[in-house]
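Undergrad: Here the UniProt record's numbering is used: the first residue of the sequence shown is 1, the next is one more, and so on. In this text, a Cβ means the ideal position worked out from N, Cα and C, and glycines have one as well.
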Amino acid sequence: MANGVPDSLKDLGVLSKTIVKSPVAKAVHGARLHNGRHKDVVFVNERCIHVKQLTQDAQLEPLVYKDDFDDDIRSSGIFTVNSQPTMPTSSSSDNGQPQDLLVLVLGNSNLAFLCLREEVEGTYSFAHETRSIPVLDEQLYQPGTHIAIDHSSRAIAVAANEREVIMYSCKSQEDIERALRAGHDWCPISSEKMAPVEGVIQHIDFLIPPEDNQDLVVLALIVVIKRRTKVVWIEWLHSQGLNDIFINSAQPLDCPKTAPNLFVPLHGANFMLAHGTELLICTGLLSGSVTSSVVDAPLGEGDNHDGNSPRAPIWVSWQRPWRSNRQKDTVILIAEDGLVAYFEIGGSSVEINSPGYLGCYVDGPFASLSDENADILAVAGSMSYGILAVVDQEGENGRQAPDWSYGGPVALDSLESIPNWASVTDIVSVPFRIAAGISSRLLKTHPCVLVTSGRQPYGSVTELRVGVEASETTSFELDDLRTTLGMWAVPSTEEDAVLVFVTNKDSTRILEITVLPEIEVAELDAEDAAFDFEYRTLVAAAANGRIFQVTSKAVIATDPMSQTRKEVDDEVEIMCADILPAASIIITVELRGSRSVLCCTHCSGGQMAESIRQLHDEATAVAVGLCGSTILSVATFYDGTVILFLLEGENIEEMDRLNASDHQDLNGVGDGVYLLPSAVDEGFTAVIGLRDGRIHHTTVECTGARPRFGNSKSLMYGTSTVKLIKMHDARSLIIISGLDIGLLTVKNGAVTISSIWQTKIPRPELSQDCIVAAAQMPELNVKTFSRAAMLVCGDRCSIAQLSSSPDTVPRRIPVSGTPNRVLFSKQQRCLVVSSKKFGIREGSNPLKRQVWPVIDFIPARYCVPTFTFELQPRDTVFSLLEWTYQPPSDSVEKKWSFILAGGSHQPSNGTAVGKIWFLQPVNHEWKIESVSCTNTVTKFPSGPVYSLAKYDDLSYIACAGRQVHVMRFDSEAKKWFACCEPFTISSPGVHVTVDDAKRIYVSTARDSLRTLILKALPSDHPGEHTKKLVGQFSGPRAEELLCHLYLEPTTRNDTRARLQPHPEQTYSKHLLLTADRDDTLTGLDPIAVPSREREALRVLFRAKLPSPLTRLCDAEIRPAWKAEYIPGVVTDRAVGCTTDGALVGVVVLTKALFEILGRVMKEGNPARGIEEDWQQFARRDDEDEIRHINGDGLARVVERGKLRRILLDMDEDAMTEFGGREGVEDIVRRILDWM
């Protein structure tokens, strides 16, 4: 083994980790998990929960995330501890205790109760109590599929798919509140009882008892018995407990022979059922005779539904609003097309009021939260993004009438979208970012990953980005903003106003932004303000009511009562400066004739006292910081030197320096420097932005007798000068370099960088613009300016809210239909997206809805489809391929570019035939203006064309049904012909690729991976074909394969190597990854030579994943600052997508690193380590094949602080090649960091 590269592939292991978490929420709840003064929205996914807080201005703010469950979440609900008729306001008295509990039924047969506890101000963690559920032998009868919680919090019920139901009696709300205050033993359950019921359970819920019998508890179950829908109810008296329950016999329901999709409890032990589009109100249950009446509801009408279709939208979800009329039942129903309807049911009367459509698809629960003026609906989308919407009253004078009732006219407005890019069917890696109006040459260092998302009319191609979201709240335009070099925002002496200093190379402009009652922007006149407008501003700051400004000719400190000003002589120029506003200290570097001096100015009592020190060279940047009572300054110079100064009284003393000759990574000029506190009174981290796009950071240690520099490191960030903008928290910087903008944070001495991504609710396709300047807005008593930044792009300035933590920030590019395949055309520099479109075709029957495929062409510079090619209703597209042809006689520049669309055509009579359409785009200035379909259309009677691959410049491979075809282009005859007989496989080929050695790999739908080679036939062979497809060998066993990925040899030898010197790394072996429907990822050796004909490929490793990977791609998506070589990593470029929208990264490890990490997993998380995969395959595989590490479990080991403790118990000799224990710990953190 050389340079950490394995000599044999048999020494490999694999680590998989979720890069982008699935956005799909199986349930959404409104709750008060941390106190009664705040409204929370809880998103429950398969294995994680995400709690977001609803702010006062009706925005969702991330609060806490939990993904360390040991099993799937089967069902969930909300248990109310303190019942209140409406959502509490900020004046509520709740002693800071949770008012609700989140109830989860886990796959490991545990019933979990969760609430939030505040650790430090603004930071929350989960507290939990659990209760075991009896474990039964058959999963069909294992309770957990359904959960119901009594509306008065007296009981909980958990039911299985069939037969079994467990009932829990709960403690009084007073006892639970008392236990919550004590902090222990607050599980609400007091007793339990299991009871059998007949039939397949469809729904379960507690009914609202009659007013004259409030002690009665009624649990109703909707079941299917012998194809009949019936209701079974269990009743008992709460005061007597579960010892005396009565199970009533099943009563048939007067409804269609289909299971209801909704079950809604009503007052008086009545209930409402939804059967598709039909609503039934059922009464008289307690009397033993159920009667039903049909409710006429307006569903499937209006402009959203053109033409006739048997598939009308159905009711899919319901909620009871927090504010509800006690005399009537108020229910909110949502249909799958987003229609919202309010039902007020009182006796036999039903009033229906519909505020409109949400603008998204819905298929599951939603959260309803209310305040005194409006209802807030948080809806997770289904095959579309979700919506946070407000429903309020339309009064005579506008919105929010004080006498809120559901009978009057109501209106619905969207507040923000809730990200959801599922379901995903395809993924593509693009070598540069798709950005409007920006040349791809400028974006070549910004690769991205895009996936197909959604369903018409919300279908899109989504770019999945990870970082800090900057959501635009407002914007304005001013002339000549594009020349801005720097910007600083400080609070004005006027209340609720901000002063913004905007500087260019010659002068300064000052803007005043007033916040209330509306945001207004005005430019100050130079004659009316006490600031310097004539020269460029170097820095501005404010503290204690005083505003500081430093320009190239003056130092100014002003407050409402006085002004202190120092102006320099004509031959003197201030080159750079920094301010310590809390101590009224200004540090400047001044060029006085031929001398460069460091000047420290202290403002006190209207006077400015200064002390100076001559410098050896002209400084390019300077920073000042306060460590306890010690004032330190750092200056950078043109020769690359960095000097640390101590400021004591009138003395400025040099403490330490970093020389460029001693630090090769410092050989660049720094244009900006800041001191960020590492910890209280323990020192700083000096961050320097260099002109070549790098960032250098070094620790400044203050604990010893003499301050000095500590560890230093450089990392690549952008391609041009790195600008640094200080944040108010003093531990973060906004960094800008060319097209990149990010947030640099220092925590415990470690530097992390997260990209900043601009978003705007009305423009989901908004691309990242080139930011020329930025500044953080000061903290005012206005929510809009809380953690907000001003961003200047061109002549436009936007104020954007920065998210509190990095997350997935999707960017949607709309397409014409429901996308299923996406291709990036290198020749055309555009995305090609095939979709299914439904509607009324132009020129056809206006009442007949049809479905037909369309292909959108989205140029990289436009970010929207510029041309859409439509096929016929009986056509289907399954695959796309780019083919470029250059005639031998033409010049090098002239090429013919085609897009091959493979699919099928279904004749009106007969079976479907495979078909390939040859599309030729017309490109004018990188815009697709038209597309022609040539007469060259190839048909395959063997079946649909599921996959296409390029074989060479003149040939392509097509998987048509159960046959593999090789088609070749005759350049003289200008036509395609089959160069060999088709190769027949035992099941349809779903994915085909060709490696550099011209081996053909075919993933089959119900069979193994097949490897084929194209061999030349002897010259005397009879027949028209000169070549033959030969099956070389197959996969290890028959599988239901979805896709595969061939990883070619890769060489890492680029400019990033200079950041950490290491030998050129070459992966001398190939690797083949396959993914199947059984959630299995398999690594194969494609170069292995079989000992006999048709032998299976050798298995290198297997991994059991949470979900099957529908597509795999070779993608380099890491940003430049995370692109360093990691010892022990063979390849890290494989990325897979799942249907629910998750992206999974696959890292192949050397044997030595794999064994170390495997030991860490066994010791730190034995329940979820590599043992898990061995149990999955123990009955059919050798142990050597199970060489997988769950990266998500490894991340939990690191988060819980177990990694270092485990490494201390291990033999350090095995870690020598990785730098010992500290080296392994660093490697683990770096692997997890980039993933």
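#1: Across which residues does DSSP place residue 419 in a beta bridge pair?
#2: Figure out for me which residue from 243, 229, 1194 has the closest Cα to the Cα of residue 235.
#3: Pair every Cβ in the stretch 210-218 with every Cβ in the stretch 188-196, then say whether three or more of these pairs are closer than 8 Å.
#4: So with Cβ pairs under 9 Å, would you call residue 772 a contact of chain D?
#5: Smallest Cα separation from residue 1186: which of 1194, 1128, 1081, 1129?
#6: Count the other CB atoms, across all protein chains shown, that sit within 10 Å of the CB of residue 801; report buried if there are 16 or more and exposed otherwise.
#7: My assumption, with CB atoms under 8 Å, is that residue 322 sits in contact with residue 369. Please give the rounded CB distance.
#8: What does a CB cutoff of less than 6 Å around residue 1040 pick up in its chain, not counting 5 residues either side in sequence?
#9: Identify every residue that forms a DSSP beta bridge with residue 168.
#10: Return the CA-CA distance between residue 72 and residue 114, expressed in angstroms with no decimal places.
#11: Beta carbon of residue 53, beta carbon of residue 29: below 9 Å?
#12: Identify the residues that DSSP records as bridge partners of residue 810: which are they?
#13: State yes or no: is the C-beta of residue 703 within less than 9 Å of the C-beta of residue 685?
#14: Here's the rule I'm using: 16 or more other beta-carbon atoms within 10 Å means buried, otherwise exposed. How should residue 480 be labelled?
#15: Determine the direct distance from the alpha carbon of residue 127 to that of residue 259, and round the result to whole angstroms.
#16: Could you give the DSSP three-state label for residue 1058: helix, strand or coil?
#17: According to DSSP, is residue 1206 helix, strand or coil?
#18: Buried or exposed for residue 7, please, with buried defined as at least 16 other CB atoms from any protein chain shown within 10 angstroms of its CB.
#19: Classify residue 1239 as buried or exposed, calling it buried when 16 or more other Cβ atoms lie within 10 Å of its own Cβ.
#20: Which value, in whole angstroms, describes the spacing of the CA atoms of residue 297 and residue 344?
#21: Going by alpha carbons, who is nearest to residue 178 out of 96, 721, 158, 319?
#22: Can you tell me whether DSSP reads residue 864 as helix, strand or coil?
#23: Please classify residue 1237: does DSSP put it in a helix, a strand, or coil?
#24: By DSSP's criteria, residue 651 is part of a beta bridge. Which residues make up the other side?
#25: Are the CB atoms of residue 105 and residue 75 nearer to each other than 9 Å?
#26: Does residue 790 come out as helix, strand or coil in the three-state DSSP assignment?
#27: For residue 907 versus residue 861, is the C-beta distance shorter than 9 Å?
#28: Going by the beta-carbon positions, is the gap between residue 837 and residue 853 smaller than 9 Å?
#29: Along the beta strand (DSSP E) that carries residue 735, what are the first and last residues, could you check?
#30: How many whole angstroms separate the CB atoms of residue 230 and residue 252, which I take to be in contact at a CB cut-off of 8 Å?
#31: Does the beta-carbon of residue 13 have 16 or more other beta-carbons within 10 angstroms, so that it is buried, or is it exposed?
#32: Under a Cβ-count criterion, where at least 16 other Cβ atoms within 10 Å of its own Cβ denotes burial, should residue 793 be classed as buried or exposed?
#33: From residue 313 to residue 142, what does the alpha carbon distance come to, in whole angstroms?
#34: Tell whether a beta-carbon distance below 9 Å holds between residue 543 and residue 497.
#35: Under the rule that 16 or more other beta-carbon atoms within 10 Å means buried, what is residue 872, buried or exposed?
#36: Measuring straight from C-alpha to C-alpha, what distance separates residue 787 and residue 711?
TA: Quick answer:
#1: DSSP output for residue 419 lists no bridge partner at all.
#2: 243
#3: no
#4: In the structure shown, chain D cannot be found, because there is only a single protein chain.
#5: 1081
#6: buried
#7: Contact check for residue 322 and residue 369: beta-carbon distance about 6 Å, within the 8 Å limit, so the pair qualifies.
#8: 1006, 1076, 1077
#9: 156, 192
#10: 16 Å
#11: no
#12: 464
#13: no
#14: exposed
#15: 38 Å
#16: Residue confidence for residue 1058 is low, a pLDDT of 30 falling below 50, so the modelled location carries little weight and cannot support an answer.
#17: Three-state result, residue 1206: helix.
#18: Its pLDDT being 46, under 50, residue 7 is placed unreliably by the model, and nothing is read from it.
#19: Residue 1239 lies beyond the residue range present for the chain, which begins at 1 and ends at 1235; the question has no answer from this structure.
#20: 12 Å
#21: 96
#22: DSSP places residue 864 in coil when its eight states are reduced to three.
#23: In the structure displayed, the chain extends from 1 to 1235; residue 1237 sits before or after that span and is not available.
#24: 648
#25: yes
#26: Of the three classes helix, strand and coil, the one that applies to residue 790 here is strand, per DSSP.
#27: no
#28: Contact flag set, yes.
#29: 732-737
#30: For a cut-off of 8 Å, the C-beta gap from residue 230 to residue 252 is around 5 Å, short enough to register as a contact.
#31: buried
#32: buried
#33: Computed Cα separation, rounded: 33 Å.
#34: no
#35: exposed
#36: 31 Å
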